[in-house]
Amino acid sequence: LLAYAAVFWLTLQLARAPDRARLAIAAAALIGAAYALYGIGVYLAGNDWVTIYRKWAYHRALSSTFVNRNSYATFAGLGLLCATAWFVNSFRHLLGIKRPAARKAAMIAEEIFSRSLLRTACVLLLFIALVLTGSRAGIAASLIALFVLMLTHARSGSLRGGQALFVAALVAGIALLALSLGGGLLLERLSSAGSDVSADDRRAIYGATLDAISSAPWTGTGYGTYEQVFAAYRPEALSSSVLWDKAHNVYLENALELGVPAMAALNLAIALLAVEALRGLWRRRRERTAPAIGVAATVLVGLHSFFDFSLQMPAVAVFYAFLMGLAVTQAWPQARGRTG
């Protein structure tokens, strides 16, 4: 936790200047796209490897450098938020100019498919990689977060109503293209009742975890003790041959390990950062992109944490801490965000 706080603090201090914030968003989008490109390459080559190791799980799903497809889906979703914001910023200035509709459309098309082709490619790569994970919760949370990103831009005045609808339709078109290219696994999973953890197993895990929480609700059992504690509460319906080391719900797992008060304080602190970013959307007249990404990223990881443990993966947690540091420092009034 201290390492993630350090990432947040360093970003808070080093990205106060608007040009640094813009560079950071572009870098995050490019890094996310690089992971997506690697994952797509491995997937097309047979999907047998996770970096230098033979893949031992999720043989039909894209997971890039991650073992778990759900964790990578969250990582890809965070990258997609950055890439989408970077992409929209490339042509947003064209939306408000007074030109005939055909001329304006031609100018936007030239920007998207010529001058800013790299940004367009980043969005498409991340969408395709996200779809190929087949992670239903990860994809759903990412799409909701994208909607929040568009909504915050519209409500804060960064995009007017008609402009926001145009951008949303454009992003939806890219999403549909990605779905047509790699949506087979996702559609198969949506049409079936199968899951990494069945609904019955989830109910059993949640029930046993709640029982364990009730044994030490105020103090918890200690950080990192879930596996040992859950073994004592594991119901017979859950196989003893499976390692039950995660609750598949970050909030319940934190409540067990940290205690309910500490869990509430931890999540309240994160929520307050998102509120500060949200306030920045109305407080700032310019440079609203980073706060909008921060709000959307919190929605993404917050929703997915109800179903999986992606935020417990260091790569995801570091990425999120970085984006929140960026969001909060850019939410402050410009005079406070000026470097010396």
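Our numbering applies: residue 1 is where the sequence shown begins, and numbers increase by one.
Where is the CB? At the ideal position from N, CA and C, for every residue including glycine.
- As the crow flies, the alpha-carbon of residue 179 is around 23 Å from that of residue 48.
- Annotated three-state conformation of residue 54 is strand, per DSSP.
- Within its own chain, the residues whose Cβ lies closer than 7 Å to the Cβ of residue 221, once the five positions on either side in sequence are excluded, are 229, 256, 257, listed in chain order.
- Exclusion of the five residues before and after residue 38 leaves 64, 65 as the residues of its chain whose Cβ lies within less than 8 Å of its Cβ.
- Distance check between residue 25 and each of 291, 332, 306, 314 places 291 closest, using alpha-carbon atoms only.
- Look at residue 332 here: in three-state DSSP terms it is coil, with no helix or strand label.
- For residue 182 against residue 70, the beta-carbon gap comes to about 17 Å, at or over 8 Å, which does not count as contact.
- Separation of residue 115 and residue 274 (C-alpha to C-alpha, rounded to the nearest whole angstrom) is 33 Å.
- DSSP places residue 127 inside the alpha helix (DSSP H), whose first and last residues are 117–133.
- Between the stretch 12–26 and the stretch 268–283, the count of Cβ pairs shorter than 8 Å is below three; the stretches do not touch.
- If you check the CB distance, residue 177 and residue 62 do not come in under 8 Å.
- If you look at residue 226, you'll find it in the alpha helix (DSSP H) that goes 226–233.
- Spanning the alpha carbons of residue 135 and residue 76 requires a straight line of approximately 11 Å.
- With distances taken between CA atoms, residue 242 lies nearest to 201 out of 126, 201, 165.
- In the structure shown, residue 244 falls within a coil segment according to DSSP collapsed to helix, strand and coil.
- Looking at 143, 18, 217, 68, the one whose alpha-carbon comes closest to that of residue 313 is 68.
- Looking at the DSSP output, residue 49 sits in a beta bridge with 54.
- One thing to note: residue 323 has its Cβ within 8 Å of the Cβ of residue 78.
- Residue 146 sits close to residue 81, with the two beta carbons spaced by under 8 Å.
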